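In this text, residue positions in the sequence shown follow the working numbering: the first is 491, and each later residue adds one.
For every residue, glycine included, the Cβ atom is placed at its ideal position computed from N, Cα and C.
Predicted model only: the values in this text are computed from it and were never measured.
Right, one structure below, let's go through it.
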Amino acid sequence: MKAARGIGLLTYRNYEILHQKQTDPDVNKLDHYKASSYIHHQGDKLVNRFNAYSYWILTKAMDSHNLARGRDKLENVLKSISQPTLIIGITTDILCPLREQRLLRDHIPNAKLVEIDSTYGHDGFLVEHERISKAVGDWLHSIV
491 MKAARGIGLL TYRNYEILHQ KQTDPDVNKL DHYKASSYIH HQGDKLVNRF NAYSYWILTK
551 AMDSHNLARG RDKLENVLKS ISQPTLIIGI TTDILCPLRE QRLLRDHIPN AKLVEIDSTY
611 GHDGFLVEHE RISKAVGDWL HSIV
């Protein structure tokens, strides 16, 4: 699980942020790098929060989620959503790419997409909380 978390961290952020936040100032350092310490720390946190079976169940649920399963084409299923919908996408998120957010916007009636330009990749939804809160607040005011 620690290794999975470490690999996952490389997809949550991007090169620029990792380079900016995790580069060691000592170029002669041979071990215990800032980046590896951070990755190990995040792995330890994950192991302390989940047992392996629970983590497997969560990842299986995410990997197998399919709105269209047993129904119709995805586009038709999305068209059946009648509630106003806010979709927020982060420009550098490779796990939930903007092309998927745009597909949702294009097929859900009354959908609005807010694209947030951020260098934080998938973690942008955590780091950009002020911009996301503003987008949600503005959207809520627009639908009442």
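- Look at residue 605 here: in three-state DSSP terms it is strand.
- In this structure, residue 601 sits away from residue 593, with a CB-CB distance that is not shorter than 8 Å.
- Inter-residue distance for residue 584 and residue 506 is about 14 Å (C-alpha atoms, whole angstroms).
- Within the same chain, Cβ atoms closer than 6 Å to the Cβ of residue 618 are found at 606 and 608, the five residues on either side in sequence being excluded.
- In the DSSP assignment, residue 579 falls within the unbroken beta strand (DSSP E) covering 575-580.
- Distance from the CA atom of residue 632 to the CA atom of residue 626, rounded to whole angstroms, is 10 Å.
- Taken through DSSP and simplified to helix, strand or coil, residue 588 comes out as helix.
- Under the three-state reduction of DSSP, residue 495 is assigned to helix.
- The C-alpha of residue 634 is placed about 13 Å away from the C-alpha of residue 575.
- In the three-state scheme derived from DSSP, where H, G and I count as helix and E and B as strand, residue 505 is classed as helix.
- For the pair residue 530 and residue 565, the CB atoms are not nearer than the 8 Å cut-off.
- Taking all protein chains in view, the Cβ of residue 616 is surrounded by fewer than 16 other Cβ atoms within 10 Å, so the residue is classified as exposed.
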